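Structure, as structure tokens:
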Amino acid sequence: MIDDDECLTESLSIFFHQHQIELIYANDPLHGLDLLETESPALLLLDVMMPKIDGFTLCKKIRTTHSLPIIMLTARGRLEDKIQGFEIGVDDYLPKPFEPLELLVRVHALLRRSTDNNTKQFEPIELITFIGLEIVPKQQLVKVDGSEVKLSGMEYHLLYTLATHPGKVFNREQIIGALKGVEIDLFGRSVDILLSRLRQKLHDSPSTPRFVKTIRGIGYTFIGTPL
Numbered sequence: 001m002i003d004d005d006e007c008l009t010e011s012l013s014i015f016f017h018q019h020q021i022e023l024i025y026a027n028d029p030l031h032g033l034d035l036l037e038t039e040s041p042a043l044l045l046l047d048v049m050m051p052k053i054d055g056f057t058l059c060k061k062i063r064t065t066h067s068l069p070i071i072m073l074t075a076r077g078r079l080e081d082k083i084q085g086f087e088i089g090v091d092d093y094l095p096k097p098f099e100p101l102e103l104l105v106r107v108h109a110l111l112r113r114s115t116d117n118n119t120k121q122f123e124p125i126e127l128i129t130f131i132g133l134e135i136v137p138k139q140q141l142v143k144v145d146g147s148e149v150k151l152s153g154m155e156y157h158l159l160y161t162l163a164t165h166p167g168k169v170f171n172r173e174q175i176i177g178a179l180k181g182v183e184i185d186l187f188g189r190s191v192d193i194l195l196s197r198l199r200q201k202l203h204d205s206p207s208t209p210r211f212v213k214t215i216r217g218i219g220y221t222f223i224g225t226p227l
């Protein structure tokens with residue numbers, strides 16, 4: 001957890017410990033970056049309003065090298081902030097003040113989804129290949145035209161869902177259902193944002209798509225050409 005509220009981080013550390021989860025925290029965002037490297041956490045809780053560097057800027061920096069799930073915690077509950085969070089790779093968003101039990105449920109949901117995808121869903125398939133696109137599920141590795149691209153956890157799971165069901169049209173509700181664990185705070189607009197961010201990283205054009213095609217008024221479908 002990276003949050004400058006010392007009382008909150010200490011109390012949540014005790015709360016999570018009571019529920020068999022180790023919460024390592026930093027009240028300084030730069031120290032938090034160091035902890036990401038030394039501790040290799042399974043999930044990150046990230047505040048927005050902090051000294052030195054704000055949470056949105058910090059999230060962008062983290063997403064260049066890490067794909068772990070990120071839950072953003074903030075007193076700023078505006079829809080614009082929520083959309084901005086999803087645009088830069090946040091997996092879930094919980095406004096302050098919040099109930100610790102609700103946060104715990106969201107943490108469990110994201111951790112379970114990540115674990116299930118790593119140990120069950122992806123194991124039977126070693127390699128997924130299309131012209132210009134390669135997916136290595138066990139490593140959650142994605143290459144476009146031979147070059148590796150860095151995807152957030154949710155971006156990767158979205159791509160995997162679409163690529164393993166080529167030709168199937170997914171509406172927004174089906175995508176939300178495929179991505180969430182128990183109660184991930186997604187909404188229709190966030191799906192569009194997620195698709196747009198994924199397309200940018202895949203160098204895919206909405207007007208002349210080679211991987212993800214928009215079916216106007218319905219949803220999205222994967223159209224990659226198999227090798």
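Just so you know, the sequence shown maps onto residues 1 to 227 in UniProt numbering.
Using N, Cα and C, we set each Cβ at its ideal position, and we do this for glycine too.
The structure displayed is predicted, hence computed values, not measured ones.
Neighbour-count burial assignment, residue i, 16 or more Cβ in a 10 Å radius
| i | result |
| --- | --- |
| Gln55 | Gln is not the amino acid found at residue 55; the sequence shown has Gly there. With 16 or more Cβ atoms within 10 Å of its Cβ, Gly55 is classed as buried. |
| Phe98 | exposed |
| Pro69 | buried |
| Val182 | Confidence is the limiting factor: at Val182 the pLDDT is only 34, short of 50, which leaves the residue's position unreliable, though a coordinate-based value still follows. By the neighbour-count rule (16 or more Cβ atoms within 10 Å), Val182 is not buried but exposed. |
| Asp189 | It is worth fixing the name first, because residue 189 is Arg in this sequence and not Asp. The residue is exposed, with fewer than 16 neighbouring Cβ atoms inside 10 Å. |
| Gly217 | exposed |
| His203 | exposed |
| Asp34 | exposed |
| Phe16 | buried |
| Glu6 | exposed |
| Thr64 | exposed |
| Ile131 | exposed |
| His31 | exposed |
| Glu155 | buried |
| Arg78 | exposed |
| His19 | exposed |
| Thr38 | exposed |
| Asp3 | buried |
Range covered by the alpha helix (DSSP H) that runs through residue i
| i | result |
| --- | --- |
| Leu179 | 172-179 |
| Leu162 | 153-163 |
Residue i, enclosing beta strand (DSSP E) - first and last residue
| i | result |
| --- | --- |
| Asp47 | 44-47 |
| Pro95 | 92-95 |
| Leu127 | Here Leu127 belongs to no beta strand (DSSP E), and DSSP marks it neither H nor E. |
| Gly219 | 219-222 |
| Thr214 | 212-215 |
| Ser147 | 147-149 |
| Leu133 | 133-136 |
| Leu141 | 141-144 |
Rounded distance between the beta-carbons of residue j and residue i, thought under 8 Å
| i | j | result |
| --- | --- | --- |
| Gly219 | Phe211 | Not really, about 15 Å apart at Cβ, beyond 8 Å. |
| Leu162 | Val142 | Rounded, the Cβ-Cβ distance is 12 Å, inconsistent with contact. |
| Pro29 | Ile53 | 5 Å |
| Thr221 | Val169 | 5 Å |
| Ser152 | Gly89 | 4 Å |
| Ala26 | Met49 | Actually they do not touch by this definition, with Cβ atoms about 15 Å apart. |
| Leu179 | His165 | Going by Cβ atoms, the distance from Leu179 to His165 rounds to 14 Å, so no, they are not a contact pair. |
At 4 residues or longer, and completely inside the UniProt domain "Response regulatory" (1-111): list those alpha helix (DSSP H) runs for me, N to C. 6-18, 29-39, 55-63, 79-87
Three or more C-beta pairs closer than 8 Å, one from the segment 77-89 and one from the segment 99-111: is that the case here? no
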